[in-house]
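Report on the structure given below.
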């Protein structure tokens with residue numbers, strides 16, 4: 011009995027010792043973390059006073075001190091990122107020079123060679139904001155072949171910010187096909203950034219690529235570019251087997267304000283997919299008082315899908331005309347359509363101004 015009590019006492023003391031060591035470890039970790047945070051906040055405060063005159067071009071970049079410590083550099087880079095986000099890229103050009111001067115570019119080149127996926131992603135993001143440099147472009151293009159999809163996406167995004175690098179959009183799309191990268195909403199942003207200057211390349215890729223997801227991304231980018239000259243290429247996708255592509259093609263024609271392909275769009279009023287018919291309704295609304303568009307809205311106002319019916323009814327109410335009167339005259343046997351018409355009339359009526 012005494013032996014068992016001794017064993018129990020020893021076990022209790024060991025457990026108490028382990029708990030005490032863990033408590034001391036957590037306390038030490040908290041102290042170190044608090045000290046690091048406090049030091050980082052002080053660095054950010056000091057550098058904010060140094061950076062603002064440079065960003066406002068009151069002082070030259072050369073007046074900024076060189077940074078030797080990685081910890082200080084991390085704090086300053088975090089501050090630079092916050093300033094860029096807060097001012098919505100207003101100081102983009104000045105920040106490029108700042109990053110090069112303080113060693114951010116070299117640090118980014120170091121990070122993209124790291125074994126850590128997270129560090130490579132950070133490195134790609136950092137290099138996207140640096141000034142023109144063939145070494146940076148080469149490093150980012152190499153990251154397009156990285157085994158990790160997140161790294162490839164971040165490298166592609168940085169290259170889209172640095173379009174002077176000369177990398178083709180086709181090369182970027184090829185790098186993003188594996189690992190489900192194309193499903194990322196970040197890829198949509200990447201392709202959109204190329205839209206204003208690469209619209210012909212977008213149209214060329216649209217005719218060649220087979221992936222429905224790629225076609226949707228390319229169509230979206232063409233709509234952002236707003237180049238009506240590409241409407242013919244877009245209209246070719248109206249007969250694509252994938253409903254997502256057909257819907258995207260209709261919405262792109264809507265954004266391009268293209269009335270020339272209305273007859274082809276009209277063929278989709280009986281499409282089996284309600285999202286395609288909804289896109290047709292939105293397109294028809296955007297065509298305003300065009301007689302053909304009013305006829306499409308009249309057809310779709312009687313659609314089996316509620317969302318399609320609602321958009322079409324509201325669109326027809328906004329332009330009025332013979333088809334609107336025909337819709338009102340024939341709605342009494344359909345309570346849902348009748349309520350939608352009442353809702354559309356109320357929405358289209360000018361607000362009452364009370365004196």
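In the working numbering, the protein residues as written are 11 to 365. Note that CB positions come from ideal geometry on N, CA and C, so glycine has one too. Fair warning: this is a prediction, and the values are worked out from it, not measured in the lab.
| Check | Outcome |
| --- | --- |
| Residue burial classification, residue 140 (beta-carbon count within 10 angstroms, cutoff 16) | buried |
| Same chain, Cβ closer than 6 Å to residue 258, neighbours up to 5 away in sequence not counted | 226, 229 |
| Three-way DSSP call (helix, strand, coil) for residue 373 in this model | Absent from the model: residue 373. The displayed extent of the chain is 11 to 365, so no value can be given. |
| Proximity winner among 249, 324, 346, 339, relative to residue 356 (alpha-carbon distances) | 324 |
| Cβ separation of residue 82 and residue 53, assumed to be a contact under 8 Å, to the nearest whole Å | 5 Å |
| Coarse secondary structure for residue 355, derived from DSSP in three states | helix |
| CB-CB length for residue 278 against residue 307, believed under 8 Å | Rounded, the Cβ-Cβ distance is 14 Å, inconsistent with contact. |
| Rounded C-alpha distance that separates residue 311 from residue 205 | 34 Å |
| Buried/exposed call for residue 159, threshold 16 Cβ in 10 Å | buried |
| Supposed contact pair residue 164 and residue 131 - C-beta distance, whole angstroms, cut 8 Å | 5 Å |
| Per-residue burial, residue 1 [other beta carbons within 10 Å of its own, 16 or more giving buried] | As displayed, the chain neither begins before 11 nor continues past 365, which places residue 1 out of reach and without an answer. |
| Unbroken alpha helix (DSSP H) run spanning residue 293, endpoints | 284-296 |
| Proximity of residue 117 and residue 136 at Cβ, strictly below 9 Å | yes |
| Short Cβ contact (9 Å threshold) for residue 222 with residue 255 | yes |
| Three or more C-beta pairs below 8 Å linking the stretch 87-104 and the stretch 122-129 | no |
| Minimum C-alpha distance to residue 147 - residue among 119, 161, 157 | 119 |
| Endpoints, the alpha helix (DSSP H) within which residue 334 is located | 332-339 |
| Buried or exposed (CB count within 10 angstroms, at least 16 for buried), residue 291 | buried |
| Buried or exposed (CB count within 10 angstroms, at least 16 for buried), residue 100 | exposed |
| Burial state of residue 199 (16 or more Cβ within 10 Å) | exposed |
| Whole-number beta carbon distance between residue 111 and residue 71, since they are thought to touch under 8 Å | 5 Å |
| First and last residue of the uninterrupted alpha helix (DSSP H) at residue 185 | 179-185 |
| CA-to-CA distance, residue 162 to residue 186, given in whole angstroms | 7 Å |
| For residue 94, three-class secondary structure by DSSP | helix |
| Alpha carbon of residue 218 to alpha carbon of residue 344, nearest angstrom | 46 Å |
| Rounded separation between residue 30 and residue 124 - CA only | 37 Å |
| Identity of the residue in 240, 103, 236 nearest residue 213 by Cα | 240 |
| Alpha-carbon to alpha-carbon, residue 261 and residue 232 | 11 Å |
| Helix, strand or coil at residue 52 according to DSSP, with G and I counted as helix | helix |
| Residue burial classification, residue 105 (beta-carbon count within 10 angstroms, cutoff 16) | buried |
| C-alpha distance - residue 365 paired with residue 224, whole-angstrom precision | The pLDDT assigned to residue 365 is 45, lower than 50, so where the model puts this residue is not dependable, and the model offers no usable value. |
| Given residue 329 as reference, the closest of 303, 318, 14 once Cα atoms are compared | 303 |
| Neighbourhood of residue 180 by C-beta, 8 Å cutoff - its chain only, sequence neighbours within 5 removed | 211, 215 |
| Where residue 115 sits in the DSSP three-state scheme | helix |
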